[in-house]
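S.K.: Chains as they are written, first to last, in the working numbering: chain A, 2 to 551; chain B, 9 to 365. Below you will find the structure I want to go over with you.
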């Protein structure tokens, strides 16, 4: 299909010397009514780390899945190493040395690293797996690429960062010379991110080509050589990283200027975040806040213990207090009890010991909807599993949790008019797009889906908010918007418990920072004393004094 | 909502069953050809024997009535994410309770009251047999597929015992005629249906379908129920007590199957006969599948399967009746397979028309 879309080479500031590793031109792909790619293009040189950036729903993953042969484009052309491979299969992509590391690991937890790596191309002796040979082969490849790991360890015993390196090793074992990584740092702690960069750089030094899908601008600046920006499925900019600025990339991503202070992704990792700009009349504001606080509700957690599915403790004897007009940020690598803590407070997980109080009410044993009635709002970490019913309309999702109050009498008919009015009002106030209350939530972009959750939880009366990963996987514009909402709620005297795997987000929003590790709070400090350098080690278990009640 | 989205939704709702029926038609042609008959004449004979005359149509409507109930039973369960395959036992229990009530009431009971009481008994008995697996699921996590299928055996065996030892008219496997609670035949309103089994239970059952639709899509209870079926964790997050909804859904599901019992007992034979429910429970699964778990879809699918069933009798002389059973199987497989397929094709087509503009 002859394209009206610009070739990346038209946009590129430098000239390319040889046949590029990848050239994708005028790619179109749609799912139903959603056009994921419309005339997207990409050119990646051999031996470079290429960052593919864009807001959520910009079509980055779709573009890369077509490159990896998972499905064909509707139109357009894909060349790899100068050969037209449009619409190839995943098997041919692997044979040609193109490997993709997915956002969600595809590993079998009960098998060892070596078994996972050889899966699908096991060395055989007769009909039996030649395990000894497998071990040697995997070890050789691991050493060749500088991975330090015990290949006989079971995957279930690995940290997330290690599991990811196994995924990369798996691709390399299959002979990948070109690696596509889909948001690889979403689940990593800062030291693990640095380790990943080290691996990627050494791959590049060996002549490997790497395409990194991300929407974190600090990573782009940190590790990439070239940048391609997608917006609404189209390629809007290509630049050399040395010529790029975070502000410039962000502008290309959203086609407008972004208030970068509120965008955590722009904070350089490993460095102290820039000082917050002084708040105008900060003293006056804090006094007003303190006055309101007197009449408002704090959240108190006392010696809370929560167990997991196998009765193993996930939260251990944890205490914290969130005061009205405060954001308490909980930093930590995911899987250290944050999920269990939030769900126990929300009433979604039984409490093994300890108590939870909301103002004067002991809510430890109350049902979810009773807690909500007492003013507890909750933005859950997984909007696709918990936060939304994807096949329900936007309007129906906007009443989830309060559905009883929209019925004429309990269990009775809904007052459709009020349901719609509620939807129209929230859609307008929280700028949910498209502004159609009848659309199923599934058809909205990630950022707008999250806005539904935020509109529902923060649009009405509440006094305490649990915000778990409130901006996970949403675009820069939505991050900015949600952060503004959280700040406004804090200033209005709400008590907010913020849990985020994004350290930068914690630092951008929190008044106090607690670090969770192994089900405990291992560090607690006012925002002014918090820095990546201090929190990073705590997140990985380095101790800084004993467990602290927050 | 725009006209385009409405059209898209209608296409997605109706196309899979229609495509499945077309596939079944082709398969049916091949089957008929394989026994050396002309498909056109066999299908014509089938139509003549069902929709072509009042008696045939009456028989279709009679079978439709029971199928709507077992189809709704399965649909309501599936909407809550539960697979109730105990429709047959629940249907039998409903019919038995209706018969017992009809036998117990004095003959002089005004018909309206007697029918109402019998209907309540049928619904309550079916509801109870649905409630049991509901509680087992909610309290102990016992899987409803196992419990409902086992309850089928228990109920059918218990009823068989009751009939064969206590309640039967000698030399038969049925009870005495009910004294009160008989539902008038459809012929009492439309005389042309004279002689067919069709009766006014159809009206009661259609009302139940309408009520079910209202409950599922217009009320808070239905909102909770569907939420549990779609995403139990999101429902729990939204303050829904998932276990209660499971129990409620299976009770409602069983009650709808139980209601079907009145069709045979009150409307047709006026007695309970062992085995009257055979086949209806499982055909209800097919009805729910083809009807896409929508009450009105269930009504249409029931009409279709009832037509096939009655049509099988009509063509018995020229082709084996079993051929119709095979055809039913083909329809079900085709629906199951065609749903995602058709969707994909639809989306592709729509995208093309956008590009063409």
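Backbone N, C-alpha and C fix where the C-beta goes; we use that ideal spot for every residue, glycine too.
1. Determine, using beta-carbon pairs with one atom in the stretch 31-51 of chain B and one in the stretch 240-253 of chain B, whether at least three such pairs fall under 8 Å.
2. Could you compute how far the alpha carbon of residue 168 of chain A sits from the alpha carbon of residue 118 of chain A?
3. Please name the residue or residues paired with residue 126 of chain A in a DSSP beta bridge.
4. Would residue 238 of chain B count as contacting chain A if we go by Cβ distances under 8 Å?
5. Listed in chain order, which residues of the stretch 384-399 of chain A have Cβ atoms closer than 8 Å to some Cβ of chain B?
6. Please go through the same chain and pick out, in chain order, the residues whose beta-carbon is closer than 8 Å to the beta-carbon of residue 37 of chain B, but skip the five residues on each side of it.
7. Taking C-alpha atoms, which residue in A:99, A:71, A:374 and A:82 lies nearest to residue 88 of chain A?
8. From the beta carbon of residue 435 of chain A, is the nearest beta carbon of chain B less than 8 Å away?
9. Skipping 5 residues on each side, what residues in its chain have a beta carbon closer than 6 Å to that of residue 175 of chain B?
10. DSSP three-state label for residue 82 of chain B, please.
11. Restricting to runs no shorter than 4 residues, where is the alpha helix (DSSP H) found entirely within the stretch 319-369 of chain A?
12. Helix, strand or coil for residue 236 of chain A? Go by DSSP, reduced to three states.
13. Along chain A, in chain order, which residues have C-beta atoms closer than 9 Å to that of residue 235 of chain B?
14. Where does residue 515 of chain A fall in DSSP's three states?
15. Could you tell me whether the stretch 225-233 of chain B touches the stretch 278-287 of chain B, using the rule of 3 or more Cβ pairs below 8 Å?
16. Applying the 10 Å Cβ sphere with the 16-neighbour rule, what's the burial state of residue 39 of chain A?
17. Over the uninterrupted beta strand (DSSP E) stretch that includes residue 306 of chain A, give me the two end residues.
18. So is residue 357 of chain B in contact with chain A if we call contact Cβ pairs under 8 Å?
19. Quick check: is the beta carbon of residue 246 of chain B nearer than 8 Å to any beta carbon in chain A?
20. Around the C-beta of residue 104 of chain A, are 16 or more other C-beta atoms found within 10 angstroms, so that it is buried, or is it exposed?
21. How about residue 378 of chain A: is its C-beta nearer than 8 Å to some C-beta of chain B?
22. Determine, using beta carbons only, whether residue 19 of chain B comes closer than 8 Å to chain A.
23. Measuring CA to CA, which of A:207, A:151 and A:402 is closest to residue 177 of chain A?
24. For residue 11 of chain B, would you say it is in contact with chain A, using Cβ-to-Cβ distances shorter than 8 Å as the test?
25. Roughly how many angstroms separate the alpha carbons of residue 127 of chain B and residue 163 of chain B, rounded to a whole number?
26. Is the separation between the beta-carbon of residue 338 of chain A and that of residue 245 of chain B shorter than 8 Å?
27. For residue 151 of chain B and residue 203 of chain B, what's the separation of their Cα atoms in angstroms?
28. Report back the beta-carbon spacing between residue 250 of chain A and residue 224 of chain A to the nearest angstrom; my notes put them in contact at under 8 Å.
29. Report yes or no: do the stretch 327-347 of chain B and the stretch 13-30 of chain B share at least 3 C-beta pairs separated by less than 8 Å?
30. How far does the beta strand (DSSP E) with residue 80 of chain A in it extend, from its first residue to its last?
31. Excluding the five sequence neighbours on either side, which residues of its own chain have a C-beta within less than 8 Å of the C-beta of residue 153 of chain B, listed in chain order?
32. Use the C-beta contact count for residue 151 of chain A: other C-beta atoms within 10 angstroms, 16 or more gives buried, fewer gives exposed.
33. When the Cα atoms are used, what is the spatial distance from residue 362 of chain A to residue 327 of chain A?
34. Listing by chain order, which chain A residues have their CB less than 8 Å from the CB of residue 227 of chain B?
35. State the beta-bridge partners of residue 468 of chain A as determined by DSSP.
36. Can you check whether the C-beta of residue 369 of chain A is within less than 8 Å of a C-beta belonging to chain B?
M.R.: Walking through what the data contain:
1. no
2. 8 Å
3. A:129
4. yes
5. 386, 387, 388, 389, 390, 391, 392, 393 and 397
6. 47
7. A:71
8. no
9. 183
10. helix
11. 339-347
12. strand
13. 390, 393, 397, 401 and 404
14. strand
15. no
16. buried
17. 300-308
18. Because the pLDDT of residue 357 of chain B is 46, which lies under 50, any placement of that residue in the model is unreliable, and the number read from its coordinates should be weighed accordingly. No, residue 357 of chain B does not count as interfacial toward chain A.
19. yes
20. exposed
21. no
22. no
23. A:207
24. no
25. 19 Å
26. no
27. 44 Å
28. Wrong, their Cβ atoms sit about 14 Å apart, outside the cutoff.
29. yes
30. 76-81
31. 91 and 93
32. exposed
33. 19 Å
34. 408, 412, 413, 414 and 415
35. A:380 and A:499
36. yes
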